[in-house]
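In what follows, a structure is listed as C-alpha cells, so that the remarks can point back to it.
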C-alpha cells in the first residue's frame, strides 16, 4: 500500500465546530471556509443555512461596512459572504429562497441612491448571478 501511514489533515474549519458553535466572524476569518463550502462540508453548510447566519451574510453584502473597522475588514467580510452565498450549494440556495425577504434585500441593493465602490460592484454582480440561478 502506498503511504500506509498517511492521514489526511483535518480542515481548520472542522476544529471551529468541534469546540462548539462558532460565531460568523470566526468562520469568515478561516482561510479554508470558501473551499470547504464548495466541497460541501456538512458542518459548515448546516451552520450557514441557519436563519440568523444567512441574514447576517446578506447584511454584510447589502449594508455599508462600519467605517471604524480597518480597511481590510471592511471589504473582506462582504467579499467572503458573497463567495459563500454563491458557492452553488443546493441547501444554501434553498435556504436563500425560502423567505422572500432575503431575496428582496438582495434585489433592492442596487437601487440604493449611493455611489458604488468598485468592490461593491463586484458583490452586486455576484449577487445578481446568484439570484438568476
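Residue numbers (the numbering used here): 357 to 489.
Backbone N, C-alpha and C fix where the C-beta goes; we use that ideal spot for every residue, glycine too.
Predicted model only: the values in this text are computed from it and were never measured.
Inset, instruction - Please check the pair residue 427 and residue 384, which I expect to be a contact at CB under 8 angstroms, by giving their CB distance rounded to whole angstroms. - result: With 8 angstroms as the limit, residue 427 and residue 384 do not qualify as a contact, their Cβ atoms being about 16 angstroms apart.
Inset, instruction - May I ask you to report which of helix, strand or coil DSSP gives residue 438? - result: Note: residue 438 maps to helix in three-state DSSP.
Inset, instruction - Scan the segment 377 to 459 and note each continuous alpha helix (DSSP H) run of 4 residues or more that stays entirely inside, going in chain order. - result: Residue ranges of uninterrupted alpha helix (DSSP H) with 4 or more members, entirely inside the segment 377 to 459 and ordered along the chain, are 380 to 385, 389 to 394, 398 to 404, 407 to 418, 427 to 441 and 446 to 454.
Legend entry - Nearest candidate by alpha-carbon position, reference residue 442, set 408, 401, 424 and 456: Distance from the Cα of residue 442 is smallest, within the candidate group 408, 401, 424 and 456, for 401.
Inset, instruction - Output yes or no for whether 8 angstroms exceeds the beta carbon distance between residue 393 and residue 380. - result: Residue 380 is positioned such that its CB atom lies no closer than 8 angstroms to that of residue 393.
Inset, instruction - Excluding the 5 residues preceding and the 5 following residue 433 in the sequence, name in chain order all residues of the same chain whose CB lies nearer than 6 angstroms to its CB. - result: Correct list, in chain order: 384 and 416.
Legend entry - Nearest neighbour of residue 438, chosen from 399, 382, 430 and 414 [CA to CA]: For residue 438, the closest of 399, 382, 430 and 414 by C-alpha to C-alpha distance is 414.
Legend entry - Own chain, CB closer than 8 angstroms to residue 461, minus 5 neighbours either side, in chain order: Excluding sequence neighbours, residue 461 sits near 414 and 418.
Legend entry - Nearest to residue 440 (by Cα), restricted to the options 424, 425, 374 and 397: Measuring from the Cα of residue 440, the nearest candidate turns out to be 397.
Legend entry - For residue 375, three-class secondary structure by DSSP: Three-state DSSP puts residue 375 in coil, outside helix and strand.
Legend entry - CB-CB length for residue 372 against residue 410, believed under 8 angstroms: Going by Cβ atoms, the distance from residue 372 to residue 410 rounds to 18 angstroms, so no, they are not a contact pair.
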